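In the working numbering, the protein residues as written are 634 to 1120. Here's the structure, in structure tokens; my notes come after.
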Amino acid sequence: MKLSQVIKCLKDSGEMDVFTNDPEIRGVEMDSRKVGKGSLFVAIKGFQTDGHHFIGQAVENGAAAVVGEEALELNVPYIQVTDSRTSLGKLASCFYDRPSRKHKIIGITGTNGKTTTAYILKHILEAAGRTCSLLGTVSNIINNKEYKTSNTTPDALQIQKMLSKSLDEFVVMEISSHALEQSRTEGLELDYGLFTNLAHDHLDYHENMDQYFHDKKKIFTLLKDGGKGVINFYNSWGEKMAEDLQKEKIPLIMLGDEKFCSIKDVAINGRTVFILEMKGQSFEIEFPLPGHHNVYNAAMAFMTGFDLGIDPADIIKALAAFPGIPGRFETIIHPLGAKFVVDYAHTVDAFEYCLEAAREQGAERISQIYGFRGGRDQSKRMDMIKASAKYCHKFYLTADDLNDESEDEMISQLQRLNKEFGCGKGEVIPDRTLAIQKAWREARENDWIFITGKGPEAYQKPFALPAESDLETLNLLLESGRKQAVL
634 MKLSQVIKCL KDSGEMDVFT NDPEIRGVEM DSRKVGKGSL FVAIKGFQTD GHHFIGQAVE
694 NGAAAVVGEE ALELNVPYIQ VTDSRTSLGK LASCFYDRPS RKHKIIGITG TNGKTTTAYI
754 LKHILEAAGR TCSLLGTVSN IINNKEYKTS NTTPDALQIQ KMLSKSLDEF VVMEISSHAL
814 EQSRTEGLEL DYGLFTNLAH DHLDYHENMD QYFHDKKKIF TLLKDGGKGV INFYNSWGEK
874 MAEDLQKEKI PLIMLGDEKF CSIKDVAING RTVFILEMKG QSFEIEFPLP GHHNVYNAAM
934 AFMTGFDLGI DPADIIKALA AFPGIPGRFE TIIHPLGAKF VVDYAHTVDA FEYCLEAARE
994 QGAERISQIY GFRGGRDQSK RMDMIKASAK YCHKFYLTAD DLNDESEDEM ISQLQRLNKE
1054 FGCGKGEVIP DRTLAIQKAW REARENDWIF ITGKGPEAYQ KPFALPAESD LETLNLLLES
1114 GRKQAVL
């Protein structure tokens, strides 16, 4: 593809007649180390490094042209733009021939429920005989092949590459507020934008809840002509989102508005059952995952599938057979009958969803194990401990995923917060595996023990027990118990 064809998507680019040649572009890169002959290098001012410092290296490596923000003269075509970060997604979309338009794309944002709703939708679509890629927190799945992921939402270049690679009819994506604010979604075009909820999180990055909401709202600027918003109206931020989008004349499907779709008669006892009333019809839904939050997740997926034209009977059948998600309410049964649950929950709302679900299912005692991620929103830590103290018989605070915080500082803060807000129920055990082991040894029938905050993620450092994740720790303890029983 010629340079002139790639940059035609940039409104602020110069006219091609300023160049003496129109080179063939063989790829788009933002990492100078990946540049090869014929690459278009996009220099981005990052949070830690400035790509403009590596333009010389990119040209040496064979870059046929460069895009950047500074006024420069090079011996290859150079296009100066006002914002190279937003230009990257547009250029990548153009280079890969606008791959968004080759799929039905469903983007999901919200503090909680993104992953679960994404997996439910993928399951519904595939059960109905459709093919579906998934980009998200747990993994990226393209053409039925799974790839590891480092972020909830990839960078703009990777998004366009993956969309181009996908041969699937549908693509379901989790879209984080960070990705929206950082223009990682530039060049992406959605058929549906889902907003699940908003809760206290990431205020170390966003200035306040209003800014957090504003950044989430950017997902709806990505809608294709005729694209629709799907809003959970059962929370105040959902109401505000719907109100704003209605003023902007964006077509909406609203969960919780009687004119659109509403939830009735929720019963949670082992399995979750509820009635969904939609467009004058009434549907009884049975769903394997417990908790009212999963009612909302299942309902959002149902509404989207229904609007896509999938037979409601097929959606209901798919929901009843949903197999679950790695690291989301994964359950291991203790030999004495206690339930150990591994979940990614890392906000106050998510804590309460999990702990309330255990209460609703008759837990006699509830315990919890978790730590705080270093370098992240500290303003929610006190409220997380208060939530644990409210619902739990006992909880354990651990020091893991420290990032840039020192372990001594983290332990000191855990001890202080536990003393002030733990109501005598908390205990600080820095080693996560030893905390899990203690809860395992103390467990008894009808106990529920939640291990939250990491889900399927690997530990960042070695702990006392030879395991690399929460699930591995539990399986190690389970197997150890079996061996002792045999002896």
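All C-beta atoms in this analysis are idealised placements derived from N, C-alpha and C, irrespective of residue type, glycine included. As the structure is a computational prediction, the values presented were derived from the model and not from experiment.
Check	Outcome
Euclidean distance between Cα positions of residue 831 and residue 1090	23 Å
Contact check, residue 713 vs residue 702, beta carbons under 8 Å	yes
Bridge partners - residue 766, DSSP secondary structure assignment	804
Neighbourhood of residue 809 by C-beta, 6 Å cutoff - its chain only, sequence neighbours within 5 removed	785, 786
Presumed contact (8 Å Cβ cut-off) between residue 1025 and residue 1058, rounded CB distance	6 Å
Alpha carbon of residue 753 to alpha carbon of residue 760, nearest angstrom	10 Å
Three-pair Cβ contact test at 8 Å for the stretch 906-916 versus the stretch 935-947	yes
Helix, strand or coil at residue 1105 [DSSP, three-state]	helix
Any beta strand (DSSP E) of 3 or more consecutive residues that is wholly inside the stretch 867-913	885-888, 894-902, 904-911
Range of the contiguous beta strand (DSSP E) that encloses residue 974	972-976
Reference residue 1085, options 1102, 1079, 1077, 1071, closest by Cα	1102
Residue interval of the beta strand (DSSP E) (run including residue 643)	From DSSP, residue 643 is part of no beta strand (DSSP E); its letter is neither H nor E.
Beta strand (DSSP E) runs contained entirely in the stretch 677-723, provided each spans 3 or more residues	698-701, 711-713
Proximity of residue 949 and residue 918 at Cβ, strictly below 8 Å	yes
Unbroken stretches of the alpha helix (DSSP H), 4 residues or longer, contained in the stretch 927-958	945-953
Cβ-based neighbour list, residue 1072, same chain, cut-off 7 Å, excluding 5 preceding and 5 following	1000, 1002, 1029, 1082
Rounded Cβ spacing between residue 675 and residue 733 (contact assumed at less than 8 Å)	Between residue 733 and residue 675 the Cβ distance is about 19 Å, and since that is not below 8 Å, they are no contact.
Buried or exposed by the 16-neighbour rule on C-beta atoms within 10 Å, applied to residue 863	buried
Sub-8 Å separation of residue 720 and residue 700 beta-carbons	yes
Residue nearest to residue 659 in terms of C-alpha spacing, selected from 1098, 634, 1037, 1087	634
The beta strand (DSSP E) enclosing residue 998, as first and last residue numbers	998-1004
Own chain partners of residue 1033 with C-beta closer than 6 Å, once the 5 adjacent residues on each side are dropped	1004, 1065
Range covered by the alpha helix (DSSP H) that runs through residue 865	Counting along the chain, residue 865 falls outside any alpha helix (DSSP H), though it belongs to the beta strand (DSSP E) covering 856-865.
Where residue 839 sits in the DSSP three-state scheme	Because residue 839 carries a pLDDT of 46, less than 50, the predicted location of this residue cannot be relied on, and the following value inherits that uncertainty. Here residue 839 sits in coil by DSSP.
Helix, strand or coil at residue 778 according to DSSP, with G and I counted as helix	strand
Close-in-space but distant-in-sequence residues of the same chain around residue 576 (CB under 6 Å, 5 per side omitted)	This structure leaves residue 576 out entirely; the chain is present only between 634 and 1120.
Cβ pair residue 1031, residue 1062 closer than 8 Å	yes
Beta-carbon separation (whole angstroms), residue 1111 vs residue 1070, contact threshold 8 Å	Actually they are not in contact, since the Cβ atoms of residue 1111 and residue 1070 sit about 12 Å apart, beyond 8 Å.
DSSP three-state assignment for residue 750, whether helix, strand or coil	helix
For residue 874 and residue 880, the rounded distance between their alpha carbons	10 Å
N-terminal and C-terminal residue of the beta strand (DSSP E) that residue 739 is part of	737-742
Exposed unless 16 or more other CB atoms sit within 10 angstroms - verdict on residue 1018	buried
Strand pairing of residue 961, partner residues [DSSP]	958
Through-space distance from residue 666 to residue 1121, alpha-carbon basis	Lying before the first or after the last residue shown, residue 1121 is absent from the chain, which here runs from 634 to 1120.
Residue 756 burial status per 10 Å Cβ neighbour count (16 or more: buried)	buried
Cβ neighbour criterion (16 or more within 10 Å) applied to residue 662	buried
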